[in-house]
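Taken in order, the sequence shown gives residues 139 to 426; the numbers are from our numbering.
The C-beta atom is built at its ideal place from N, Cα and C for all residues, glycine as well.
Right, one structure below, let's go through it.
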Amino acid sequence: MTFLVLVGLVVLFLWSSLFAVDQRETAILLQFGKPLETENGEPAPALEPGLHYKWPFVQRAIIFDTRILVYDAQPAEVLTLDKKTLVVDNYAKWRIVDPLVFYNKLATIPRAQARLDDIIYSNLREALGRYTMEDIVSEERDLIMTNVTLRSAEQVRELGIEILDVRIKRTDLPAENERAIYDRMKAEREQQAKQYRAEGDREYAEITAEADKERTIILAEAEREAQIIRGQGDANATRIYAEALSLDEDFYAFQRSLEAYVQSFQENTRIILSPEDSRFLRFFTTPQ
Numbered sequence: 139m140t141f142l143v144l145v146g147l148v149v150l151f152l153w154s155s156l157f158a159v160d161q162r163e164t165a166i167l168l169q170f171g172k173p174l175e176t177e178n179g180e181p182a183p184a185l186e187p188g189l190h191y192k193w194p195f196v197q198r199a200i201i202f203d204t205r206i207l208v209y210d211a212q213p214a215e216v217l218t219l220d221k222k223t224l225v226v227d228n229y230a231k232w233r234i235v236d237p238l239v240f241y242n243k244l245a246t247i248p249r250a251q252a253r254l255d256d257i258i259y260s261n262l263r264e265a266l267g268r269y270t271m272e273d274i275v276s277e278e279r280d281l282i283m284t285n286v287t288l289r290s291a292e293q294v295r296e297l298g299i300e301i302l303d304v305r306i307k308r309t310d311l312p313a314e315n316e317r318a319i320y321d322r323m324k325a326e327r328e329q330q331a332k333q334y335r336a337e338g339d340r341e342y343a344e345i346t347a348e349a350d351k352e353r354t355i356i357l358a359e360a361e362r363e364a365q366i367i368r369g370q371g372d373a374n375a376t377r378i379y380a381e382a383l384s385l386d387e388d389f390y391a392f393q394r395s396l397e398a399y400v401q402s403f404q405e406n407t408r409i410i411l412s413p414e415d416s417r418f419l420r421f422f423t424t425p426q
C-alpha cells in the first residue's frame with residue numbers, strides 16, 4: 139500500500155514538473171510569480187520548443203504563441219486634410235519577439251491589442267490628416283500605410299513585439315453624412331443630365347434649322363429650274379404651233395376642232411348648241 143502511494147506521488151510530481159513547448163511557441167518560467175533569474179541575477183532566457191521541467195507549486199510556465207497574429211481594429215473616424223471625415227477599418231499583423239519583455243510590459247494578448255490600438259490609431263489619424271480623401275482612396279494609400287507601419291513598429295519595439303504590417307481594409311463615410319453626400323451626388327447628376335439634354339435640344343434645333351434651310355434652297359432651285367423648263371416648253375409649243383399654222387392654216391383649225399370635239403363629247407355629257415350659227419360645229423355642217 140505504501141509503495142503504491144509513493145508511486146502515485148512520483149507520477150504526480152513528474153506530471154506537475156514536465157511540460158512541452160510546441161514548435162510554434164516559446165515560454166518563460168515564473169518563480170514565486172516573478173520571472174526566473176540565473177545565478178548571476180540575470181533574467182533567464184526564453185525556453186525553446188521541446189520538453190522542459192519546473193518545480194511544482196514553486197515555478198509556473200507561461201507559454202506564448204510566436205506565430206504572426208492579426209489584430210482587427212474597430213472602425214474609427216479620422217479627419218482628412220480637406221476636412222472630410224472618414225470611417226477607417228484597419229488591421230495589423232504582429233508577433234511576439236521577446237517574451238520576457240512582453241510579459242513584463244504587457245503580460246497578455248488582450249493588453250497588447252489594446253496598446254496596439256492606441257499606437258496604430260494615433261499614427262493612422264496623424265498620417266491620414268496630411269492627405270486628402272482622394273489621395274487616401276488612390277494609389278497613395280500604400281505609401282501612407284507603409285509610413286504608419288514603420289512608425290508604429292518603432293514605438294512598440296520596447297514592448298517585446300514587432301509590427302509587420304498595417305493595412306486599411308475599408309474606408310466609409312460616417313452614417314450621418316451618407317444621405318447628404320448621396321443627395322449632393324444626385325443633384326450633381328441631375329444637373330449634368332439637364333445640361334446634356336439642353337445641349338442635345340440645341341444641337342437638334344441647329345440641325346433641324348440647317349436641314350430646313352437646305353430644303354428651302356433645294357425646293358427653290360427645283361422650282362426655278364421647273365419654271366425655266368416650263369417656259370422653254372411653252373415657247374417651243376408656241377413656236378411649233380406658229381410654224382404649223384403658217385404651213386396650213388385650214389388644217390391647223392381642223393386639227394384644233396377635232397381635239398375640242400374629243401374633249402367635249404365625253405360619255406354622259408349633254409351639250410346644247412345652235413347649228414345655224416355655231417362655229418364649233420362648222421365642220422359637221424359645212425363640207426370641206
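Fill in: For Lys172, the nearest candidate out of Asp303, Gln197, Arg335 and Gly369 (CA to CA)
Counting from one through the sequence shown, the residue named residue 172 turns up at place 34. Residue Gln197 is the option with its Cα nearest to Lys172.
Worksheet item: Which two residues bound the contiguous alpha helix (DSSP H) that contains Asn242?
Response: Residue 242 sits at position 104 when you count from the first residue of the sequence shown. First-last of the alpha helix (DSSP H) with Asn242: Pro237 to Lys243.
Fill in: contact_flag[the segment 207-223, the segment 177-194] where n(CB pairs < 8 Å) is 3 or more
no
Fill in: Own chain partners of Ser290 with C-beta closer than 7 Å, once the 5 adjacent residues on each side are dropped
Against the sequence shown, residue 290 aligns to sequence position 152. Counting only Cβ-Cβ distances below 7 Å, and skipping sequence neighbours, we find Ile257, Ile258, Asn261, Ile301 and Val304.
Worksheet entry | Three-state class that DSSP yields for Lys221 in the structure shown | As a position in the sequence shown, residue 221 is number 83, starting the count at 1. Correct three-state label for Lys221: coil.
Worksheet item: Does the count of Cβ pairs from the segment 323-339 and the segment 276-287 closer than 8 Å reach three?
Response: no
Discussion item. My output table needs one value for Thr284: the three-state DSSP class, helix, strand or coil.
Written reply: Along the sequence shown, one-based indexing puts residue 284 at 146. Reduced to three states, the DSSP call for Thr284 is helix.
Fill in: Expected contact under 8 Å - CB spacing of Leu297 and Arg253 to nearest Å
As a first step, residue 297 is located in the sequence shown; it is residue number 159 there, counting from the start. As a first step, residue 253 is located in the sequence shown; it is residue number 115 there, counting from the start. Yes, Leu297 and Arg253 are in contact; Cβ-Cβ is about 7 Å, under 8 Å.
Discussion item. Taking its Cβ as the centre, do 16 or more other Cβ atoms sit within 10 Å of Pro237, making it buried, or is it exposed?
Written reply: Here the question's residue 237 lines up with position 99 in the sequence shown. When all chains shown are included, Pro237 counts as buried.
Discussion item. Going by C-alpha to C-alpha distance, which of Val159, Thr140, Thr309 and Gly267 sits closest to Pro213?
Written reply: On the sequence shown, position 75 is the one that residue 213 refers to. Looking at the Cα atoms, Thr309 is the closest of the given residues.
Item to complete: Quick one: give me the first and last residue of the beta strand (DSSP E) that Ile299 is part of.
Response: For the purposes of this step, residue 299 is taken as residue 161 along the sequence shown, with counting starting at 1. That run of the beta strand (DSSP E) goes Ile299 to Asp310.
Worksheet item: Hey, Ala182 and Leu168: beta-carbon distance below 8 Å or not?
Response: Translated into the one-based positions of the sequence shown, residue 182 becomes position 44. Translated into the one-based positions of the sequence shown, residue 168 becomes position 30. Cβ distance not < 8 Å, so Ala182 and Leu168 don't count as in contact.
Practice prompt. Would you kindly report the start and end of the unbroken beta strand (DSSP E) that includes Ala199?
Written response: Position 61 of the sequence shown, counting from 1, holds the residue named residue 199. It spans Gln197 to Asp203 - the beta strand (DSSP E) in which Ala199 sits, taken as one unbroken run.
Practice prompt. Assign Thr354 to buried or exposed, taking buried as 16 or more other Cβ atoms, counted over all protein chains shown, within 10 Å of its Cβ.
Written response: Numbered from its first residue, the sequence shown carries residue 354 at position 216. Exposed is the call here.
Item to complete: Report all residues from its chain with a CB closer than 7 Å to the CB of Lys307; omit the five preceding and five following residues, and keep chain order.
Response: On the sequence shown, residue 307 is found 169 positions in, with the first residue counted as 1. The answer, listed in chain order, is Asp227, Asn228 and Tyr229.
Fill in: Residue environment, Leu156, which counts as buried when at least 16 other CB atoms sit within 10 Å
Residue numbering aside, residue 156 sits at position 18 when the sequence shown is read from its first letter. So Leu156 counts as exposed.
Practice prompt. Return helix, strand or coil for Ala158, following the three-state DSSP convention.
Written response: Looking up residue 158 in the sequence shown gives position 20. It is a strand residue.
Discussion item. Could you tell me the alpha carbon to alpha carbon distance between Arg162 and Arg327, rounded to whole angstroms?
Written reply: Within the sequence shown, residue 162 is the residue found at index 24, counting from 1. Within the sequence shown, residue 327 is the residue found at index 189, counting from 1. If I take the Cα positions, the gap works out to 56 Å.
Discussion item. Taking its Cβ as the centre, do 16 or more other Cβ atoms sit within 10 Å of Phe195, making it buried, or is it exposed?
Written reply: Taking the first residue of the sequence shown as 1, we reach residue 195 at position 57. Result: exposed.
Practice prompt. Consult DSSP for Glu272 and reduce its assignment to one of helix, strand or coil.
Written response: Translated into the one-based positions of the sequence shown, residue 272 becomes position 134. It is helical.
Worksheet item: How big is the Cα-Cα spacing for Arg335 and Glu348?
Response: Here residue 335 is taken as the residue at index 197 of the sequence shown, counted from 1. Here residue 348 is taken as the residue at index 210 of the sequence shown, counted from 1. Roughly 20 Å between the two C-alpha positions.
Discussion item. Just list the residues that DSSP pairs Gly188 with in beta bridges.
Written reply: Stepping through the sequence shown from its first residue, residue 188 is reached at position 50. In the DSSP output, where bridge partners are listed per residue, Gly188 has Val159.
Practice prompt. In angstroms with no decimal places, state the Cα-to-Cα distance between Gly371 and Arg362.
Written response: Walking along the sequence shown from the start, residue 371 turns up at place 233. Walking along the sequence shown from the start, residue 362 turns up at place 224. Whole-angstrom Cα-Cα distance: 14 Å.
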